[in-house]
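Right, one structure below, let's go through it.
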Amino acid sequence: MAEEERGILTELARYGQIGTTFAASIFIGFGIGWWLDNKLFAGKTTPWFSFIFLGFGIAAGFKHLWDLSKKISDD
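For what it's worth, my numbering labels the leading residue of the sequence shown as 364, then goes sequentially.
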């Protein structure tokens, strides 16, 4: 594989990682909140933990986005 192709694939992998990890953080946060609402507290707290952990997931996604953007700009 040519060096130029390897560089293009590396860049595509980095940018694909940004979207994937951002979406995964949001889904994991919401999933934890949903589980707490429905399984642990038997629906008594619906939808509060889902919203709270969705916020945590969004915050984690933005933090990871910030870290990756710093890493990409350093390269």
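Using N, Cα and C, we set each Cβ at its ideal position, and we do this for glycine too.
Cβ neighbours of residue i in the same chain (closer than 8 Å, five flanking residues each side left out)
| i | result |
| --- | --- |
| Arg377 | Leu431 and Ile435 |
| Ile389 | Leu417, Gly420, Ile421 and Gly424 |
| Ile415 | Gly396 |
Close-in-space but distant-in-sequence residues of the same chain around residue i (CB under 7 Å, 5 per side omitted)
| i | result |
| --- | --- |
| Phe412 | Gly396, Leu399 and Asp400 |
| Gly406 | Asp400 |
Closest Cα partner of residue i within the set the options
| i | options | result |
| --- | --- | --- |
| Gly394 | Arg369, Pro410, Glu367 and Leu375 | Pro410 |
Buried versus exposed call for residue i [16 or more other C-beta atoms within 10 Å across all chains shown]
| i | result |
| --- | --- |
| Gly392 | buried |
Beta-carbon spacing of residue i, residue j below 9 Å
| i | j | result |
| --- | --- | --- |
| Leu428 | Thr384 | yes |
Nonlocal neighbours in the same chain, by C-beta distance under 6 Å from residue i, ignoring five residues either side
| i | result |
| --- | --- |
| Thr306 | Residue coverage of the chain in this structure runs from 364 to 438, which leaves residue 306 outside it and unanswerable. |
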